[in-house]
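Participant: Chains as they are written, first to last, in our numbering: chain A, 3 to 115; chain B, 40 to 155.
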Amino acid sequence: GNSVTQMEGPVTLSEEAFLTINCTYTATGYPSLFWYVQYPGEGLQLLLKATKADDKGSNKGFEATYRKETTSFHLEKGSVQVSDSAVYFCALSVGGSNYKLTFGKGTLLTVNP
Amino acid sequence: GAVVSQHPSRVICKSGTSVKIECRSLDFQATTMFWYRQFPKQSLMLMATSNEGSKATYEQGVEKDKFLINHASLTLSTLTVTSAHPEDSSFYICSAYKEGQNEKLFFGSGTQLSVL
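As structure tokens, this is what we get:
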């Protein structure tokens, strides 16, 4: 089956620190990979995605590279801000664009000033 | 951008009662919506795919008679937890799929259900 394993949280960083949230996956078929972010009181929002090996998704200073050889899609940001405090979910979908997603458990990130 | 409204955000009910959760796409039509459930420290688990005008497709292990899904219009899907029990206490999230050139999935902000 399909599964996503992401780094256990919570993660607490100081402003301007470097962020990595690890994500690995198993999938039947060739998955598309996503990172979603959920800010307090809001719905999940797509942060970035990659649809094939070696693709790099990027948005708002965040990046993640689709690594087929290590089945990973780690999220990184060079300098986090307080406004990045949120829950981050790694996810995958297989077999078309119907967005039937398999999620990881989510990682709570808190950035302190 | 497109918005999905989920209501209520929090509900507390007595064991044995039924609870209805609404999911509305506010500025687009969604033929497909999804319902997820998340227990503490667990992943969001897909419960069912809601298709406008037809029966929902439930994931393995999800009781269709307990979690009734109605997608009667292109902008509204409802999830009714029937005869709720404490083990149904969870965080329920809906999403709506916007088709087209910029196809995308939009999520509601979730409903925290607590069954006493």
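Glycine is no exception: its CB is placed at the ideal position from the N, C-alpha and C atoms.
With DSSP run on the structure shown, which of helix, strand or coil describes residue 85(A)?
Facilitator: Stepping through the first sequence from its first residue, residue 85(A) is reached at position 83. In the structure shown, residue 85(A) sits in a helix (DSSP, three-state: H, G or I).
Participant: How long is the line joining the alpha carbons of residue 53(A) and residue 7(A), rounded to whole angstroms?
Facilitator: Along the first sequence, one-based indexing puts residue 53(A) at 51. Along the first sequence, one-based indexing puts residue 7(A) at 5. For residue 53(A) and residue 7(A), the distance between alpha carbons rounds to 18 Å.
Participant: Pull the bridge partners of residue 66(A) from the DSSP assignment, please.
Facilitator: Walking along the first sequence from the start, residue 66(A) turns up at place 64. Paired residue(s): 59(A), 77(A).
Participant: Please state the DSSP three-state secondary structure of residue 33(A).
Facilitator: Along the first sequence, one-based indexing puts residue 33(A) at 31. Residue 33(A): strand per DSSP, three-state reduction.
Participant: Could you list the residues in the region 127-150 of chain B with a C-beta less than 8 Å from some C-beta on chain A, going in chain order?
Facilitator: The region 127-150 of chain B vs chain A, Cβ under 8 Å: 132, 134, 136, 142, 143, 144, 145, 146, 147, 148, 149.
Participant: Using three-state DSSP, classify residue 61(B) as helix, strand or coil.
Facilitator: Here residue 61(B) corresponds to residue number 22 of the second sequence, with the count starting at 1. Strand, per DSSP.
Participant: Interface residues of chain B around residue 49(A) at Cβ under 7 Å?
Facilitator: For the purposes of this step, residue 49(A) is taken as residue 47 along the first sequence, with counting starting at 1. What residue 49(A) touches in chain B: nothing, since even the nearest Cβ is about 12 Å away.
Participant: Pop quiz: residue 36(A) and residue 48(A) are said to be a contact at Cβ under 8 Å. What is the actual Cβ separation, rounded to whole angstroms?
Facilitator: Indexing the first sequence from 1 puts residue 36(A) at position 34. Indexing the first sequence from 1 puts residue 48(A) at position 46. About 6 Å separates the two Cβ atoms, so the contact holds.
Participant: Leaving out the 5 sequence neighbours to the left and right, which residues in its chain are closer than 8 Å to residue 114(A) when beta-carbon positions are compared?
Facilitator: On the first sequence, position 112 is the one that residue 114(A) refers to. Closer than 8 Å at the Cβ level, and outside the excluded window around residue 114(A), lie 14, 15, 16, 17, 84.
Participant: Determine, using beta carbons only, whether residue 81(B) comes closer than 8 Å to chain A.
Facilitator: Stepping through the second sequence from its first residue, residue 81(B) is reached at position 42. With 8 Å as the cut-off, residue 81(B) counts as an interface residue toward chain A.
Participant: Can you name the start and end residues of the beta strand (DSSP E) that residue 113(A) belongs to?
Facilitator: Mapped onto the first sequence, residue 113(A) falls at position 111. Its beta strand (DSSP E) spans residues 109-114.
Participant: Could you please tell me which residues of the region 69-95 of chain B, in chain order, have their CB closer than 9 Å to any CB of chain A?
Facilitator: Per Cβ criterion, the list reads 71, 73, 75, 77, 80, 81, 82, 83, 84, 85, 88.
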